[in-house]
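Down below is the structure, laid out as structure tokens.
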Amino acid sequence: MQALIIRYIALLFTIGVFLIHILLNGGPVTNAIVIATAILCLYFTIPLSKIPIINYLIMVLLIPIGVALSIDVVYLLPLYAFFIMEGAFQLKHREHTIYISSLVFICIAITLLKFVPFISFVLFISICISSYFVSQLLWGVKEKSGLYTGLLGEYRTLKRSFVEQEQLARAEERTKMARDIHDSVGHKLTALLMQLEVLSIENNMKGINDIKELARDSLDETRNAVRQLKTTEVSGIQSVIQLIRKLEMESHLQIRFTFEKGVLSLPISNRQSIVLYRVLQESLTNAMKYSDSKEVEVILRQNSLRQVHFIVKNKVLKLKAFEFGFGLTNMMGRVEEIGGELRVNRTEDHFIVEGTFPIKERE
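Numbering (my numbering), first residue to last: -1 to 361.
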């Protein structure tokens, strides 16, 4: 925004100096005002133009028209210089090459027609060459920056995938260990207690009661160990939120979470947690790619049908064509696999991904 204001001030200053010189030297003021007005109109409509190079070409074509209308080229050179250098920063590399080539052709033509002196021609060509080299430099910087951004994005994706796989592997291993302990030791201790109970009734032996107490204590300790093993790491929706928070820091998004009371403690399976995370991740990735805003709202609640209800909403400043691509299709397939439903809505101001899936006990 600051750069835009500086550009506007520079243009207005250049046109102001141009008009003052015309006025002080008795030039055709009316013609100068008409040309200046046309240039300003074209310049301020550049953000609305789908092909900005056309605006730039028309603006520079107005300058030789000004020469034909008896305006001294010396007054027009600052405007030429401004638009030539402006094009290096605002136009794409190929467009700028076409732009500079057109300007050189125009300059040669008006020089051969003797509308401008040779010294003005040399100065103009020098400005064009400088603008071309500036454009080359900027293009190289943008290309390297794009390559760096792409590599950084790939690195973050791989790192995040590695962390997710590691967490899932640990969770699966802990669940397997808990099941094995519960199934083997727990069942055997329970069977031992039942046999001791029968023996104590039949024989009424005091020592058996001590063994029963020891077995009961061992069973309680085993159950506590299994419970601790299952709950040592954060699971369910809370683990999903932790992963999304990491994604928020890496992507520089501003995510606003809204949680309904009790939603973080809802019992969902590991598979549901993975699907919920993948859907939220894909929604945030779409927001990064296609949204003009870095603000995203994520809402999690439990509806009246005892389903997890999630909404991802991001602002859309420009109206773009909406296509149901592979990412959205993949999200819908994931949610349907766990018995849920996914909906995608597009309004004038927002892009909304909304879905539900049933709550099941953790695996």
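Note that CB positions come from ideal geometry on N, CA and C, so glycine has one too.
Since this is a predicted model, take the numbers as computed values, not measurements.
So residue 278 and residue 235 are supposed to be a Cβ contact under 8 angstroms. How far apart are they, rounded?
Taking the first residue of the sequence shown as 1, we reach residue 278 at position 280. Taking the first residue of the sequence shown as 1, we reach residue 235 at position 237. No, residue 278 and residue 235 are not in contact; Cβ-Cβ is about 10 angstroms, not under 8 angstroms.
So, is residue 308 buried or exposed, given that buried needs 16 or more other C-beta atoms within 10 angstroms?
Along the sequence shown, one-based indexing puts residue 308 at 310. Buried: at least 16 other Cβ atoms inside 10 Å.
Terminal residues of the continuous beta strand (DSSP E) containing residue 297?
Indexing the sequence shown from 1 puts residue 297 at position 299. Where residue 297 is concerned, the enclosing beta strand (DSSP E) stretches over 293 to 300.
Can you tell me where the alpha helix (DSSP H) holding residue 40 begins and where it ends?
Here residue 40 refers to the residue found at position 42 of the sequence shown. Per DSSP, residue 40 belongs to the alpha helix (DSSP H) from 27 to 42.
So who's on the other strand from residue 350, going by DSSP bridges?
On the sequence shown, residue 350 is found 352 positions in, with the first residue counted as 1. Note: residue 350 sits in a beta bridge opposite 311 and 343.
Extent of the continuous alpha helix (DSSP H) run through residue 254:
Mapped onto the sequence shown, residue 254 falls at position 256. Run containing residue 254: none in the alpha helix (DSSP H); it sits in the beta strand (DSSP E), 252 to 257.
Bridge partners for residue 356 per DSSP, in chain order?
As a working note, residue 356 is residue 358 in the sequence shown. Residue 356 pairs with 305.
Please state the DSSP three-state secondary structure of residue 142.
On the sequence shown, residue 142 is found 144 positions in, with the first residue counted as 1. Note: residue 142 maps to helix in three-state DSSP.
Would you give the residue range spanned by the alpha helix (DSSP H) that residue 101 belongs to?
Here residue 101 corresponds to residue number 103 of the sequence shown, with the count starting at 1. First-last of the alpha helix (DSSP H) with residue 101: 91 to 110.
Using 10 angstroms around the beta-carbon of residue 39, count the other beta-carbons present and answer buried if the total reaches 16, otherwise exposed.
Here the question's residue 39 lines up with position 41 in the sequence shown. Classification of residue 39: exposed, given that the 10 Å Cβ count is below 16.
Can you look up residue 48 in the DSSP assignment and give me helix, strand or coil?
As a position in the sequence shown, residue 48 is number 50, starting the count at 1. Of the three classes helix, strand and coil, the one that applies to residue 48 here is coil, per DSSP.
Beta-carbon within less than 8 angstroms of residue 17's beta-carbon, same chain only, minus the 5 sequence neighbours each way: which residues are those?
Numbered from its first residue, the sequence shown carries residue 17 at position 19. Result list for residue 17: 27, 30, 31 and 34, in chain order.
Can at least three beta-carbon pairs, one atom from the region 111 to 130 and one from the region 159 to 166, be found at a separation below 8 angstroms?
no
Measure the C-alpha to C-alpha separation of residue 240 and residue 140 and round it to an integer number of angstroms.
For the purposes of this step, residue 240 is taken as the residue at position 242 of the sequence shown. For the purposes of this step, residue 140 is taken as the residue at position 142 of the sequence shown. Cα to Cα, the separation comes out at about 34 angstroms.
Pick out whichever of 129, 337 and 75 has its Cα sitting closest to the Cα of residue 96.
Residue numbering aside, residue 96 sits at position 98 when the sequence shown is read from its first letter. Nearest of 129, 337 and 75 to residue 96, Cα basis: 129.
Looking at residue 258: is its Cβ nearer than 8 angstroms to the Cβ of residue 298?
For the purposes of this step, residue 258 is identified with residue 260 of the sequence shown, where counting begins at 1. For the purposes of this step, residue 298 is identified with residue 300 of the sequence shown, where counting begins at 1. Closer than 8 angstroms, so yes.
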